[in-house]
Each structure stands twice: as C-alpha cells, then as structure tokens.
Amino acid sequence: MRIGIDIGGMTVKLGLVDGEKIVAKKVVETDSAKLAPEEVIHNIATAAIALLKENQVGEKECESIGIACPGSVEPKKGTVLYANNIAWENVPLLELFAQYMMQDAQMQIPLAIANDADAAALGEVLYGAAKGKNNAILLTLGTGVGGGVIMDKKIFSGYMAGGCELGHMVIEREGKLCTCGRKGCLEMYASATALMDLARTAATNQPDSMMNEMCGNDLSKLNGKMIFDAQKQKDSAAMQVVDTYEEDLSIGIANLVNIFRPEIFILGGGVSAQKEYLTDELQKRVNGLCFDVKYGYVPPIVTSQLGNDAGIIGAAYL
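Residue numbering for the sequence shown follows this note's numbering, beginning at 109 and increasing consecutively.
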C-alpha cells in the first residue's frame, strides 16, 4: 500500500493506492489564502494518518507517501521553491510533513515529492494511457499549460530544480504577453483560458454565432464544450476559433515531439474531454509538422486515461 497526495489550488486529494487501484480517498480544503503553509501541511498529514487508520493500514504496511505539488519543486530537498496558485515560497514540505507524522502518530514512512504535472505523467506511464511505454509526454490543457516528460519510466527534470516548463516554450516571437513575463508562450495559445479568450472575442464580433445562443448571450457562461458543439454544427465563428486553437497547439506538440521523441503523447486537462474529436485532428496536423516525418516516428496523440487520479497514482510511486 502507498499514499499519493495531489495538492491543488482549492483542494488536496489523498488516495490509498494498491497497485493501480485507489482503494480509498480523502479530500481536504487547501485554504492557502487563510492558512499558513505549516497549517496546510499539518492538515494534509492529519488526513493521511486518518486514511491509514480508517483502512487499518499500519506504518509497516505503507511503503511510501508521495506528494504532487504545483509550481517549482526541489525533490532532493523536499522543498516547494515557488507555487504561485497556493502562494508558497521556499516551503520545506517534506520536512514539515515528516515532523507532523511523527508528532501526531509516531509514524516514519519514506516520503517523496514532485511537481504535480510530472507526477501525473508518471501515473499515466505506470497505469494509464502510456502503460507499457518507457518514454512519454503529458501536456495538461487547463487554466495554464503544464506538462511532464518521462524518460525510461522516470521523471525527466533536467539539471535545475523545478522540472520542465512545457507551457513556456515560445511559439510566436513578440506574441501575447504571458504571466511569466515573456511573450508568445504556448500557454497563451493552447490553454483552456486561451481557447475561451479566442471564443469570446469571436462571439462578440459575430453576434449571430451559435456560441452566443448556447450561453444565453452571457459570454461569462461560455465553456469549452459549447465552443466545440458549435464548431461541430458548422458555426463559422466557432470553426475559426477551433481551427486557430488546434493549429497553435499542434505547433507546440510538434516542437516537443522533435525535441524529446516520445513513444506516446498524452493530453490532459479540461480541453482533453473532447477526446478523439480533438486528437484525430491534432494527429493529422502534427504528422505534417514533425521533422523527418517520412522516415521518422510520430507518436500517437491520446488523452489521459487516469484523469484527475493521475496525480495521486503518480505521486504514490515517486
């Protein structure tokens, strides 16, 4: 048995993992706006102890506890260097977690930590869409664009702490200003946020678009499903939005394929809910963009199988 913990901006998800199955779960509020990091970590440790006790798993039966955390992480030191969405900076997460486990339950269990996207990528390789593969890339299309690279079934993080920032690869010189301070990052074109921005602009410029009708002329209620539904019904504004979005995303995918040469490319996050409807079109575009496509290998583009559980399962096996 192992425990996998996935820290998010709103909630922390904990799972008791046995093989590829999550046999029990707990969810606690992150509440980082009100609580100091020490208090949040104490709450997580308390939930982990409860998860073990409720399922009658003792210290010796729990092989390890892994924690997936957003932001830049230093795995060797067990420190969260910087996590913007939970406002943490230089937080010694593993040290504090171990302290609370010993203080509250006299438990010493091996601990590990990784960036949340890296952990999710590992989960997909071990038990998800990339099971049986050694080399894979996961790109998450949500509020931003994150991702993880797996080489020889291990997380590739390079020399520097923090891991790979796939969403901050520039695809358009002097393009849109990114939150990281650079211009033209993939995140500004391929995130769910970018898709929504494109769609709202198009719907505003074309009031007769089906997208306006679907959201009751309240563009704050427009969502990704509506955009793709309108596109499927040949709405001209939605068709242009999806075409632009898929072209930009394809450029990013092809760049990553050319650099890392993975066996499989996985998409996660909200936009990936379109599954084959999205990946089939992306595959066609990427096939035409990759280097040496005539004689080389272009990986299949698929969507996550583990979904929101990928981070928990990957964390458990760190």
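C-beta: ideal position from N, C-alpha, C; glycine also.
Note that the coordinates shown come from a computational prediction; the quantities given were computed from them, not determined experimentally.
What residues match up with residue i in a beta bridge as DSSP calls it?
{"i": "G174", "result": "G112, A220"}
{"i": "A244", "result": "I258, I372"}
{"i": "L285", "result": "K291"}
{"i": "S180", "result": "Y190"}
{"i": "V165", "result": "DSSP, once it has assigned bridges, lists no residue as partnering V165."}
{"i": "I263", "result": "I258"}
{"i": "L249", "result": "V253"}
{"i": "V278", "result": "C293"}
Once DSSP output is grouped into helix, strand and coil, what is the label at residue i?
{"i": "A79", "result": "The chain is shown from 109 up to 426; residue 79 falls before or after that span and cannot be answered."}
{"i": "A213", "result": "helix"}
{"i": "D417", "result": "helix"}
{"i": "E321", "result": "helix"}
{"i": "V233", "result": "helix"}
{"i": "V349", "result": "helix"}
{"i": "V406", "result": "coil"}
{"i": "L426", "result": "coil"}
{"i": "D400", "result": "coil"}
{"i": "S140", "result": "coil"}
{"i": "A238", "result": "coil"}
{"i": "E354", "result": "helix"}
{"i": "A307", "result": "helix"}
{"i": "G360", "result": "helix"}
{"i": "A302", "result": "helix"}
{"i": "Q207", "result": "helix"}
{"i": "A269", "result": "coil"}
With a threshold of 16 other CB atoms inside 10 Å of the CB of residue i, please say whether the residue is buried or exposed.
{"i": "V253", "result": "buried"}
{"i": "Q341", "result": "exposed"}
{"i": "N223", "result": "buried"}
{"i": "I367", "result": "exposed"}
{"i": "V428", "result": "No answer is possible for residue 428: it lies beyond the span of the chain, which begins at 109 and ends at 426."}
{"i": "K121", "result": "buried"}
{"i": "V379", "result": "buried"}
{"i": "R281", "result": "exposed"}
{"i": "A191", "result": "buried"}
{"i": "T387", "result": "buried"}
{"i": "N243", "result": "buried"}
{"i": "T187", "result": "buried"}
{"i": "M318", "result": "buried"}
{"i": "S328", "result": "exposed"}
{"i": "M118", "result": "exposed"}
{"i": "V199", "result": "buried"}
{"i": "Y267", "result": "exposed"}
{"i": "V135", "result": "exposed"}
{"i": "E203", "result": "exposed"}
{"i": "P408", "result": "exposed"}
{"i": "M145", "result": "The residue you asked about is not Met; residue 145 is Pro in the sequence shown. Classification of P145: buried, given that the 10 Å Cβ count is 16 or more."}
{"i": "A195", "result": "exposed"}
{"i": "A141", "result": "exposed"}
If you follow the beta strand (DSSP E) that residue i is part of, which residue opens it and which one closes it?
{"i": "L375", "result": "372-376"}
{"i": "L122", "result": "119-126"}
{"i": "V188", "result": "187-191"}
{"i": "T154", "result": "No beta strand (DSSP E) holds T154; the alpha helix (DSSP H) holding it covers 145-162."}
{"i": "I409", "result": "409-411"}
{"i": "V199", "result": "196-199"}
What residue does the alpha helix (DSSP H) around residue i start on, and which one ends it?
{"i": "K392", "result": "384-395"}
{"i": "Y297", "result": "295-298"}
{"i": "I130", "result": "Run containing I130: none in the alpha helix (DSSP H); it sits in the beta strand (DSSP E), 129-137."}
{"i": "I335", "result": "332-340"}
Under 9 Å, Cβ to Cβ, is there at least one residue of chain D near residue i?
{"i": "N320", "result": "Although the question refers to chain D, the structure presented lacks it and comprises just one protein chain."}
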